[in-house]
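> To start, I am sharing the structure in question, which I have written as structure tokens.
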Amino acid sequence: MHCTVRVAGAKAIARHLMTNIYARASLSTIRLTHSPSRAVSMLNFTHALTRAVPHSFANDALRLDWSKNIVYERAVKQWRKYTEILTKCGLEVVTIPADERYPDCVFIEDSALVIGQRACLTRPGHPNRRGEVQAVKDELKRLKIETVELDDPSALLDGGDIIFTGQEILVGDSTRTNEEGAMSLQRAFPEFPVTRIPIKGCLHLKSVASLGNEGVIIVGGSQAGSAVLQNLKQRAQGQYKFVQLDDDCAANVLFVNGNAIIKSQKEIGPSNFRKLTEALTVPCLEVEFDEFYKADGCLSCCSVLLQTPGK
1 MHCTVRVAGA KAIARHLMTN IYARASLSTI RLTHSPSRAV SMLNFTHALT RAVPHSFAND
61 ALRLDWSKNI VYERAVKQWR KYTEILTKCG LEVVTIPADE RYPDCVFIED SALVIGQRAC
121 LTRPGHPNRR GEVQAVKDEL KRLKIETVEL DDPSALLDGG DIIFTGQEIL VGDSTRTNEE
181 GAMSLQRAFP EFPVTRIPIK GCLHLKSVAS LGNEGVIIVG GSQAGSAVLQ NLKQRAQGQY
241 KFVQLDDDCA ANVLFVNGNA IIKSQKEIGP SNFRKLTEAL TVPCLEVEFD EFYKADGCLS
301 CCSVLLQTPG K
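Each step along the sequence shown adds one to the number in the UniProt record's numbering, with nothing skipped, and position 209 is 209.
Structure below.
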């Protein structure tokens with residue numbers, strides 16, 4: 001007696017089995033090997049998706065410290081300089097209009113992670129920010145980027161908690177990102193291991209750590225940064241050089257097409273600036289960003305880097 005299984009049914013069964021496997025396994029045990037050349041190619045980008053600064057950003061953007069006033073005009077000036085530098089790095093900058101309903105929408109990184117031509121849309125941990133994702137989804141589709149959504153309704157995930165190194169996906173366990181979010185991300189990108197990094201005392205993983213250039217992770221010098229550094233050394237699966245700076249404000253670097261965008265020496269101080277420029281083996285491009293730092297924003301927060309099909 002022969003049994004015939006429909007292809008669609010077989011695919012559904014396979015997906016179900018894979019989901020159960022990932023749900024039961026520790027994410028740190030999912031190990032996949034990628035060649036150095038592939039890691040480099042995955043970190044080359046054609047476009048930067050950005051979002052304009054809403055007027056509501058100055059007064060209503062979420063922040064841990066409300067004691068410092070944000071100067072809107074200066075924030076816009078810094079954002080424009082930031083986009084100019086992205087263009088100098090060989091990127092076509094695509095800007096989504098600001099939405100005054102969402103004061104934090106300029107921090108577009110929190111809405112999606114793009115690897116290759118696939119984007120995983122997030123579910124931001126703060127409920128006030130979840131409406132930001134739809135406009136990002138629409139623009140990614142226009143750019144012909146495949147979009148997938150988190151498959152667990154309890155999943156929470158902020159893009160600021162994600163560092164894609166080309167070797168693996170590091171995900172911070174924060175107040176904005178939970179285990180279910182990390183597991184959903186693993187199922188969205190099964191070809192890369194997802195490694196969870198506990199964090200405490202800061203908003204996001206990228207508040208204290210970032211990819212400076214290929215194989216180099218920059219970490220801040222606070223107690224929270226030092227704890228993240230130890231967790232990275234213990235848990236990260238890739239091969240990395242770790243560089244610890246004096247201050248967290250200097251630790252967020254945006255690695256773009258063989259360039260490192262860093263905060264200005266005036267903002268981060270001569271010691272951090274020297275350590276950064278000596279540690280990084282790529283050209284460093286400075287930009288002032290202190291207005292966004294008042295709202296816990298980092299350089300990486302204001303863009304989603306991607307490769308469009310056929311590029």
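A virtual CB, placed ideally from N, CA and C, is assigned to each residue, including glycine.
Can you give me the start and stop residues for the beta strand (DSSP E) that Asp-173 sits inside?
Counting along the chain, the beta strand (DSSP E) containing Asp-173 begins and ends at 169-173.
> Using only CA atoms, which one of Asn-272, Asp-248, Pro-270 and Gly-310 lies nearest to Asp-296?
Asp-296 has its Cα closest to that of Asp-248, out of Asn-272, Asp-248, Pro-270 and Gly-310.
> Measure how close the beta-carbons of Ala-104 and Arg-129 come, nearest whole angstrom, since I'm counting them as under 8 Å.
Before going on, a small fix: residue 104 reads as Asp here, not Ala. Right, their Cβ atoms sit about 6 Å apart.
> Assuming Gly-269 and Val-243 are in contact, meaning their beta carbons sit under 8 Å apart, how far apart are those beta carbons, in whole angstroms?
Not quite, the Cβ-Cβ distance comes to about 15 Å (not below 8 Å), so this is no contact.
> How would you call Ser-222, buried or exposed, if buried means at least 16 neighbouring beta carbons within 10 angstroms?
Buried: at least 16 other Cβ atoms inside 10 Å.
> If you follow the beta strand (DSSP E) that Phe-45 is in, where does it begin and where does it stop?
Here Phe-45 belongs to no beta strand (DSSP E), and DSSP marks it neither H nor E.
> Would you call the stretch 47-65 in contact with the stretch 87-99, where contact means no fewer than 3 C-beta pairs closer than 8 Å?
Touching, yes, given that three or more Cβ pairs across the two stretches are closer than 8 Å.
> Cβ atoms of Thr-308 and Lys-144: under 9 Å apart, would you say?
For Lys-144 and Thr-308, yes; Cβs fall inside 9 Å.
> Is the stretch 225-245 touching the stretch 184-192 in the sense that three or more CB pairs, one from each, lie closer than 8 Å?
No, the stretch 184-192 does not touch the stretch 225-245.
> Helix, strand or coil: how does DSSP classify Cys-89 here?
Looking at Cys-89 - three-state DSSP - the assignment turns out to be coil, as it is neither helix nor strand.
> How is Phe-189 classed by DSSP in three states: helix, strand or coil?
Here Phe-189 sits in coil by DSSP.
> In three-state DSSP terms, what is Arg-118?
Note: Arg-118 maps to strand in three-state DSSP.
> Since Asn-259 sits in a beta bridge, which residues does DSSP pair it with?
Answer is Val-256.
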